[in-house]
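Here the protein sequences line up with chains A and B, keeping their order. Residues 10 to 209, numbered by our numbering, are exactly what the first sequence covers, in order. Residues 76 to 323, numbered by our numbering, are exactly what the second sequence covers, in order. All residues carry an ideal CB built from backbone N, CA and C; glycine is no exception.
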Amino acid sequence: MTFDPEGPLSRESEQELMRQLVAGDEDAIRTLYARFGRSVYTLGVRLLGNNESAEELTQDVFLTAWRKGSRFDATRGRLSTWLMAIAHNMAVDRLRHDRGAARPSLVFMEELPEPAPHDEEEGLIERDQARRAMAGLSPAERRLLSHAYFYGWTAREIAQADGIPLGTVKTRLRTALIKLRRAGAEEARAAARAVEGGAP
Amino acid sequence: MTCLEVRERLTEHALGLLTKVDAAEVERHLEWCAGCRKESAELEEGAARMALALPMESPAPSLETRVVDRVRSAAGRIPPGARHRVRALVAVTLAAALLAVGAMGWAIAERGHVQKLNQTLSAKEAQVSNLGKALESFKGWGKTFTADLDPAPGVRGGGSAVISSAPNVDDFIFIDVVLPGNQRGPFVVQIVDNRSAMRVGRTLVRQPEGDWVMFDRTGRDLSRVVTITVLDSASRTVLTGTVHPYAD
């Protein structure tokens, strides 16, 4: 099976791609890198703060994807979700290790930028969908998620900083994540309908 | 951990904010609870979109080659998961055998015949095709847990661990680690359960084929272990992994 490096992959194709990756197939490694290499690297730069660490993280993430690839189950979630979770967890682990802290104190991310509607670098449909999903959040929701995901603030720390109840912070974080997920899912369904209907 | 307790933590889990111990507890629950797993998957999908929405950075063009070479190198040197899966199966099967012979088996292990034990393990690798049956018979009256041990940043290597926990028999742990030749011991194993940290009093033993193993009966309940960490002589983390129920 060959894979389009940019178009959407079906769940079956994602499962097959991972099967080939686990087998050490070079085309599968290159396909996975073509689809997610820049995203992983970008997350590394944002969280770790320099290119060298981001490159090291990217190599480690793909190696981990190979090592744990047999556990990937496309019926449980998208490949992008699985891979970005690995990348985020490994970056956080690295920060914890380097700084000897029990919990990461993430730096570098000034503020999650306003999502651009489109740019000429846009390659992956999934990335475009993610940006539009982010655009659907209020500035307050983006700020809240940014503090948690990119700064590593716990719900308790956000509650203390903003002077709002802990339960409210948790609820708002959850609501924002669900909104992101739903917006992305609706985008994906619309894209699938467009493809099936022959829309441009 | 109940579903209510897990769901209370799922948002922070998706955002990577839980401690390793808490995260491991949540993940252990998710292994068997489809409802919480679905909720977790939805939240993680939302979190992943934040990463995917970032304005793209451009890595050096050579990074792709380095990624490909590293994965291919690893895939060529050690068939993916096979060696450690074999080791895990061997350990579980041996555990079944030891449990079957009861105290005598343990007495042999405890009299310091670790080397002989490991020779037995190596010899049994050739019989891997027959191990599934023994594993299944063992699973009928005990619990088996495994962990992939991943390298800390800047460290190369990997490993796996098997824990068996059965009623009326002391629990035990088996660890097998592969590290580059320049990594020198002693290495100490630290296991953490969901109540307290405990340091296993034995170090890994270097094997003739170059890997490091530990086989130990701790006399403690190991069914609640959530993480296993291998530390070097300076107490720096070398490898670490989360414990999961065994799944073939």
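Continuous beta strand (DSSP E) stretch holding residue i: start and end
| i | result |
| --- | --- |
| L34 of chain A | The sequence shown places Asp at residue 34 of chain A, not Leu. Segment: none, D34 of chain A is in no beta strand (DSSP E) and carries neither H nor E. |
| V264 of chain B | V263 to D268 |
| I167 of chain A | Per DSSP, I167 of chain A belongs to no beta strand (DSSP E); it is in the alpha helix (DSSP H), A164 to D171. |
| L92 of chain B | Note, L92 of chain B: premise wrong, no beta strand (DSSP E); not H, not E. |
| T304 of chain B | V300 to L306 |
| T73 of chain A | Where T73 of chain A is concerned, there is no enclosing beta strand (DSSP E), although the alpha helix (DSSP H) it sits in stretches over N60 to K77. |
| G260 of chain B | Element bounds for G260 of chain B: n/a, residue is neither H nor E. |
| P226 of chain B | K218 to P226 |
| V230 of chain B | It is not in any beta strand (DSSP E) - V230 of chain B carries neither H nor E in the DSSP assignment. |
| G145 of chain A | No beta strand (DSSP E) contains G145 of chain A, which DSSP labels as neither H nor E. |
| G316 of chain B | T312 to T317 |
Residue i, enclosing alpha helix (DSSP H) - first and last residue
| i | result |
| --- | --- |
| L105 of chain B | K95 to W107 |
| L154 of chain A | P148 to Y158 |
| V143 of chain B | S137 to R152 |
Cβ separation of residue i and residue j, assumed to be a contact under 8 Å, to the nearest whole Å
| i | j | result |
| --- | --- | --- |
| V142 of chain B | Y42 of chain A | 5 Å |
| L224 of chain B | L314 of chain B | 4 Å |
| T86 of chain B | R183 of chain A | 4 Å |
| I95 of chain A | V146 of chain B | Not confirmed; about 14 Å, so no contact. |
| V267 of chain B | V305 of chain B | Rounded, the Cβ-Cβ distance is 13 Å, inconsistent with contact. |
| L30 of chain A | W75 of chain A | 6 Å |
| S155 of chain A | A123 of chain B | Going by Cβ atoms, the distance from S155 of chain A to A123 of chain B rounds to 15 Å, so no, they are not a contact pair. |
| R103 of chain A | L57 of chain A | 7 Å |
| M93 of chain A | S48 of chain A | 7 Å |
| Y50 of chain A | E132 of chain B | 6 Å |
| A150 of chain B | G172 of chain A | 52 Å between Cβ atoms; not a contact. |
| R84 of chain B | H319 of chain B | Incorrect: roughly 17 Å between the Cβ atoms, too far for contact. |
| D286 of chain B | D246 of chain B | 23 Å between Cβ atoms; not a contact. |
| K218 of chain B | S148 of chain B | Not confirmed; about 36 Å, so no contact. |
8 Å Cβ cutoff met for residue i and residue j
| i | j | result |
| --- | --- | --- |
| A139 of chain A | L254 of chain B | no |
| E120 of chain B | R55 of chain A | no |
| R20 of chain A | T84 of chain A | yes |
| E64 of chain A | P134 of chain B | yes |
| E100 of chain B | M76 of chain B | yes |
| I248 of chain B | D307 of chain B | no |
| G316 of chain B | A236 of chain B | yes |
| R151 of chain A | M143 of chain A | yes |
| R80 of chain A | E117 of chain B | no |
| T302 of chain B | H106 of chain A | no |
| G229 of chain B | V252 of chain B | no |
| L175 of chain A | A168 of chain A | yes |
| V300 of chain B | I250 of chain B | no |
| K188 of chain A | G145 of chain A | yes |
| V81 of chain B | N269 of chain B | no |
Partner residues on chain B for residue i, Cβ-Cβ distance less than 9 Å
| i | result |
| --- | --- |
| Y50 of chain A | M131, E132, S133, P134 and L138 |
| S19 of chain A | What S19 of chain A touches in chain B: nothing, since even the nearest Cβ is about 17 Å away. |
Listed by chain order, chain A residues near residue i by CB distance under 7 Å
| i | result |
| --- | --- |
| A150 of chain B | G33 and W75 |
| A227 of chain B | H106 |
| G260 of chain B | What G260 of chain B touches in chain A: nothing, since even the nearest Cβ is about 20 Å away. |
| G121 of chain B | L186, I187, L189 and R190 |
heavy atom of the ligand FAD below 7 Å from residue i C-beta
| i | result |
| --- | --- |
| G161 of chain A | In terms of ligand content, the structure shown is empty, and the ligand FAD therefore cannot be addressed. |
Per-residue contacts from residue i into chain B (C-beta, under 7 Å)
| i | result |
| --- | --- |
| N59 of chain A | Within chain B, no residue comes near N59 of chain A; the closest Cβ sits about 11 Å away, beyond 7 Å. |
| A170 of chain A | Per Cβ cutoff of 7 Å: no residues; A170 of chain A is ~14 Å from chain B at best. |
8 Å Cβ cut-off: residues of chain A touching residue i
| i | result |
| --- | --- |
| L314 of chain B | Here the premise fails: no neighbours, minimum Cβ distance about 12 Å. |
| G233 of chain B | R76 |
| L118 of chain B | R183, L186, I187 and R190 |
Contacts of residue i in chain B (Cβ-Cβ under 8 Å)
| i | result |
| --- | --- |
| R163 of chain A | The sequence shown places Thr at residue 163 of chain A, not Arg. Simply E87 and L92. |
| F23 of chain A | Per the sequence shown, residue 23 of chain A should be read as Glu rather than Phe. None at all; the shortest Cβ gap to chain B is about 14 Å. |
| E64 of chain A | P134, A135, L138 and R141 |
| T67 of chain A | P134, L138 and V142 |
| F71 of chain A | V142, R145 and V146 |
| I38 of chain A | V142, V143, V146 and R147 |
| M143 of chain A | R124, M125 and A128 |
| Y42 of chain A | E139, V142 and V143 |
Under 9 Å from the C-beta of residue i: neighbouring residues of chain A
| i | result |
| --- | --- |
| D291 of chain B | Those do not exist, as D291 of chain B stays about 25 Å from chain A at its closest Cβ, beyond 9 Å. |
Chain E within 8 Å of residue i, Cβ atoms only
| i | result |
| --- | --- |
| G285 of chain B | Although the question refers to chain E, the structure presented lacks it and instead comprises the protein chains A and B. |
message = Within 8 Å, do at least three Cβ pairs link the region 107-117 of chain B to the region 136-152 of chain B?
response = no
The region 76-92 of chain B in contact with the region 162-174 of chain A per 3-pair CB rule at 8 Å = yes
inquiry  = For the structure I just gave you, are there three or more beta carbon pairs, one from the region 22-31 of chain A and one from the region 63-70 of chain A, closer than 8 Å?
reply    = no
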